[in-house]
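2 protein chains.
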Amino acid sequence: MKLSTRSRYGARILVDLARNKDQGPVQIGEISKRQDISVKYLEQLIRPLKKANLVTSVRGPKGGHILAEKPEKISLGQIVRLFEGQSDLVECVSFPEKCPMSDDCQVRLAWRDATEVLYEKLDSTTISDLMNGNKPEDD
Amino acid sequence: MKLSTRSRYGARILVDLARNKDQGPVQIGEISKRQDISVKYLEQLIRPLKKANLVTSVRGPKGGHILAEKPEKISLGQIVRLFEGQSDLVECVSFPEKCPMSDDCQVRLAWRDATEVLYEKLDSTTISDLMNGNKPEDD
DNA sequence: GCTAATCCATACTAATCTTATATAGATTTA
DNA sequence: TAAATCTATATAAGATTAGTATGGATTAGC
């Protein structure tokens, strides 16, 4: 039960943008150096962030990426839901039809409740909570 | 971010044993039929459950498997920790040395807190909570 | 117009993990 | 003696992950 690096990197990218938002659009190359993530992989990760309206971009020279929302408005929950193919702990939580017993399955309800508790926590943690501190560029 | 089937099956096995604890030792063949898990796979899954002292076994004819603890004493948290190779959401939570920035990384602390909240919930959910209901043998 | 930059799509791959199944027995006890 | 657990290891198919590679199209500052 492990978060994908995409979620972890996604969080780091947004924290990086939040930290550097005073200096105008932030270029992928800069993020790449600071976060040690390849430019090409960053391109892949930023795309969904843009689709989700968490990031906007400026094209052309001096262009780059900017947070589209205030850091207080972006939560880890949003990021994780965006990047995890399956955001529930078990499939039958969101797709009860995958299991013939789902109707009155106590175990399913337990996985569902645990998933909910987890996301309550993630949803209440924002980029703003994470951007302070002594340059924790990692994880 | 998905639980392995081993955790899910582990929970189902223990619930099955709890439900059938009045009829003496429960044989792997019976569990296999009820839970639709192969005998050989069940053997693999029961071994760690025994090592963790959640199940005891009786050998020989009429033998089988019995819960070693009361259902109220076995939690989903124990099961998940037992079966998930990595029980934290991200590696650096338990192994900060994996990341050079772990010392004062805010993001790491957030993943740690989310992991903790999740396990608080799993630890407070017991097999006893799951064994009632209309035969939910699945998930 | 040149160039720095984002944007887009897709393909490939290496490695790892998952989910079993298979094989071949040793041991225990009704 | 036979039903059952126990042990250990090997194999394999499939999925997923984490990236890299390829090859460009587009935008806009200078």
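Quick note, the sequences are listed as chains A and B, same order. Per my numbering, residue 1 is the first one in the first sequence, and the count goes up by one each step. Per my numbering, residue 1001 is the first one in the second sequence, and the count goes up by one each step. For glycine and all other residues, C-beta sits at the position ideal for the given N, C-alpha and C. None of these values were measured; they are calculated from a predicted model.
Closest by C-alpha distance to residue i, when choosing among the options
| i | options | result |
| --- | --- | --- |
| valine 15 of chain A | B:Ser1057, B:Ala1110, B:Gln1035 | B:Ala1110 |
| serine 1124 of chain B | B:Lys1021, B:Leu1049, B:Val1080 | B:Val1080 |
| aspartate 1022 of chain B | B:Thr1005, B:Leu1067, B:Arg1059, B:Lys1051 | B:Leu1067 |
| alanine 18 of chain A | A:Tyr119, A:Lys73, A:Val117, A:Glu43 | A:Lys73 |
| leucine 1054 of chain B | B:Ser1038, B:Gly1010, B:Leu1118, B:Cys1105 | B:Gly1010 |
| cysteine 1099 of chain B | A:Val117, A:Asp103, A:Gln35, A:Lys121 | A:Gln35 |
| arginine 6 of chain A | A:Ser102, A:Thr126, A:Leu45 | A:Leu45 |
| lysine 121 of chain A | B:Tyr1041, B:Phe1095, B:Leu1089 | B:Leu1089 |
| cysteine 131 of chain A | B:Arg1108, B:Phe1095, B:Val1117 | The amino acid occupying residue 131 of chain A in the given sequence is methionine; cysteine does not appear at that position. That would be B:Arg1108, whose Cα lies nearest to the Cα of methionine 131 of chain A. |
| proline 1048 of chain B | B:Asp1104, B:Gln1086, B:Leu1082 | B:Leu1082 |
Residue i to residue j span [Cα, whole Å]
| i | j | result |
| --- | --- | --- |
| histidine 65 of chain A | proline 71 of chain A | 14 Å |
| glutamate 91 of chain A | threonine 115 of chain A | 11 Å |
| isoleucine 1013 of chain B | proline 25 of chain A | 54 Å |
| arginine 1112 of chain B | valine 1093 of chain B | 6 Å |
| glutamine 1027 of chain B | glycine 1063 of chain B | 7 Å |
| lysine 50 of chain A | threonine 1056 of chain B | 54 Å |
| serine 1004 of chain B | methionine 1 of chain A | 7 Å |
| serine 32 of chain A | glutamate 1097 of chain B | 22 Å |
| valine 1058 of chain B | serine 1075 of chain B | 23 Å |
| glycine 1077 of chain B | tyrosine 1119 of chain B | 6 Å |
| isoleucine 127 of chain A | glutamine 1106 of chain B | 10 Å |
| aspartate 1129 of chain B | serine 1102 of chain B | 38 Å |
| valine 39 of chain A | glutamate 30 of chain A | 9 Å |
| arginine 84 of chain A | glycine 1060 of chain B | Per the sequence shown, the amino acid found at residue 84 of chain A is glutamate instead of arginine. The alpha-carbon atoms of glutamate 84 of chain A and glycine 1060 of chain B are separated by roughly 47 Å. |
| glutamate 1069 of chain B | valine 117 of chain A | 27 Å |
Enclosing alpha helix (DSSP H) for residue i [first to last residue]
| i | result |
| --- | --- |
| leucine 122 of chain A | 106–123 |
| glycine 29 of chain A | 28–35 |
| isoleucine 1042 of chain B | The question names isoleucine, yet the displayed sequence has leucine at residue 1042 of chain B. From DSSP, the alpha helix (DSSP H) with leucine 1042 of chain B extends over 1039–1051. |
Start and end residues, beta strand (DSSP E) containing residue i
| i | result |
| --- | --- |
| threonine 56 of chain A | 55–58 |
Per-residue contacts from residue i into chain B (C-beta, under 9 Å)
| i | result |
| --- | --- |
| arginine 12 of chain A | Val1107 |
| glutamine 86 of chain A | Met1001, Lys1002 |
Beta-carbon neighbours of residue i, restricted to chain A and to distances below 7 Å
| i | result |
| --- | --- |
| leucine 1118 of chain B | Ala114, Val117, Leu118 |
Checklist entry - Looking at chain B, which residues of the stretch 15–31 of chain A have a Cβ within less than 9 Å of any of its Cβ atoms? => result Val15
Next on the checklist: Can you pull out the residues from the stretch 51–71 of chain A whose beta carbon lies closer than 7 Å to at least one beta carbon of chain B?
Outcome noted: none
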